[in-house]
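Enquirer:
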Amino acid sequence: MSTQIKSALAAVIIWFGLSSAAQADQIDGTWCAPSGQSMTIEGSNVRTPGGKSITGRYSRHRFDYEIPVGEPHAGGRIIAEQLNDQEIRVTVIKQVQTEPGAHDTWTRCDVVS
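So, in structure tokens, the structure goes:
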């Protein structure tokens, strides 16, 4: 194999490696709770565990939204904070909060490497 081909192949491998890492280093994706619920975050859009498509506040490693009517704790907030490429901490802030919000660690439903 020629040096040019080896260099081109190495560049392609590095590019694919960096692009998949860049995709994983953000909160976008489908996340699964230990209880079996899931939610999908795509930019400022989310499909909630109750199946509703709504918008929320998005940043690369954090997402939050108001819990819609018809879902448990409606009127409260869900805060999702990315811990690493494969885990987020999801905190439920109830509309009337008498104690710290409960949280669970969710994982990606489809593992991103």
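Sequential numbering from 1 applies to the sequence shown in our numbering.
The beta-carbon is built from N, C-alpha and C at its ideal position, and this holds for glycine as well.
Please read all numbers here as calculations on a predicted model, not as lab measurements.
Ordered along the chain, which non-local residues of its own chain (more than five positions away) have a Cβ less than 6 Å from that of I79?
Expert: Hits under 6 Å: D64, T91.
Enquirer: Could you work out which residue in Q26, W31, H103 is closest to G43 when comparing CA atoms only?
Expert: It is Q26 whose Cα lies nearest to the Cα of G43.
Enquirer: Between the alpha carbons of H61 and E87, how many angstroms are there, rounded?
Expert: Rounded to whole angstroms, H61 to E87 spans 11 Å at the Cα level.
Enquirer: Nearest-angstrom Cα distance between G36 and C109?
Expert: So the two alpha carbons sit approximately 10 Å from each other.
Enquirer: Pull the bridge partners of E87 from the DSSP assignment, please.
Expert: Answer is N84, T107, bridged to E87.
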